[in-house]
Structure formats: structure tokens, C-alpha cells
Amino acid sequence: MRRSRFTRVTRIAAPIDEIFAFFEAPANLGRITPPSMRFRIAHGPTQRLREGDRIQYVFRIFGIPMRWTTHITLWRDGEAFADLQERGPYRYWLHTHTFRQDGAEVEMTDVVEYELPFGLLGRLVGGRLVARQLEAIFSYRASVIAEVFHRD
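Going by our numbering, the letters in the sequence shown line up with residues 34 to 185, in that order.
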């Protein structure tokens with residue numbers, strides 16, 4: 034088993050409670066996902082996310098329709114949460130989000146640990162492609178977050 038890791042640090046000029054509240058709302062996940070993925074929540078909580086929640090998504094990746102179920106396995110208000118794939122395109126996926134107030138900004142760190150399906154073949158064929166896709170998704174996410182929390 035060989036897992037890859039993707040890390041993205043985003044600095045946001047807003048109070049941590051506002052930022053965390055944004056991520057607590059399940060509907061905001063669609064806002065921060067590139068439109069080309071045609072993302073929608075098929076089933077899940079409509080209220081604030083909490084540990085133990087499960088969310089089922091439908092989206093397209095490389096034009097292929099996918100279903101994905103994640104389980105919120107960690108929730109620390111204002112600090113961190115993690116979602117673990119229960120069903121989806123990866124052999125393993127754990128996305129941990131941490132938030133830390135740093136002066137007038139919040140440092141948000143996303144760490145995704147993932148393993149592609151099909152072992153060595155999956156890594157050889159899809160490794161770079163998935164890494165580029167994650168970079169594009171998280172770049173889009175950072176641009177939307179910058180717009181949402183933009184202060185004049």
C-alpha cells in the first residue's frame with residue numbers, strides 16, 4: 034500500500050469563527066468546487082456538519098460520473114475536521130482540514146492522504162494526472178475563499 038499526500042496552506046484575512054462557520058455549512062462545498070465537476074450533494078445533513086455525519090456526492094471527474102460517500106471522522110470546533118472516503122474513486126482518501134489564527138489571518142491547512150486504485154498500475158497511469166487535478170481543485174477553492182472573505 035503506497036499513499037500519496039497533497040498539502041495546501043491558504044491564508045485568509047478573516048476571523049476564524051467566520052471561516053469555520055463557512056466550512057460547517059454543507060452547501061458551501063459546492064461553492065468551492067470547480068463548476069466543471071458538476072458537483073452536487075445527493076444526501077447528507079442540511080444543518081452544520083458534525084463528527085459522525087455522512088455525505089453522499091455526485092460529480093464528474095474527467096467527464097466520468099462518480100458517486101462519493103464521506104464520513105466526518107473528526108470534528109473540533111474552530112480547529113479541525115476530517116472526512117474519510119467510505120465509497121468513491123480512491124482506494125483510500127482522508128482529507129484533514131486544520132485552522133489556526135495567526136494575527137489578523139487564519140492559516141488553513143488541507144492535507145489529503147490518498148491511494149489510487151489498481152496498485153502500481155494506478156500510480157503509473159494516474160499519479161501525475163491526479164496530482165495536477167488536486168492542485169487545480171484546491172487553487173479554485175482558494176480563489177473562491179479569497180472572494181468570499183474579501184474585505185474592502
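Even glycine gets a Cβ: it sits at the ideal position worked out from N, Cα and C.
Could you work out which residue in Thr79, Pro59 and Arg93 is closest to Pro68 when comparing CA atoms only? Arg93
Out of curiosity, what's the CA-to-CA distance linking Arg184 and Ala46? 8 Å
Delimiting residues of the beta strand (DSSP E) encompassing Phe114: Ala113 to Arg120
Among Tyr173, Asp110, Glu148 and Ala179, nearest to Val163 - alpha-carbon criterion: Glu148
Going by the DSSP bridge assignment, what does Arg87 pair with across the sheet? His104
Do Arg64 and Gly77 have their beta-carbon atoms positioned less than 8 Å apart in this structure? no
Mind checking Ile97: buried by the 16 CB within 10 Å criterion, or exposed? exposed
Please name the residue or residues paired with Ile94 in a DSSP beta bridge. Ile97
First and last residue of the beta strand (DSSP E) that includes Ile45? Ser37 to Ile45
What did DSSP end up calling Ala137 once you bin it into helix, strand or coil? coil
Quick one: residues in its chain with C-beta nearer than 6 Å to the C-beta of Arg120, no 5 flanking neighbours on either side, listed in chain order? Thr102
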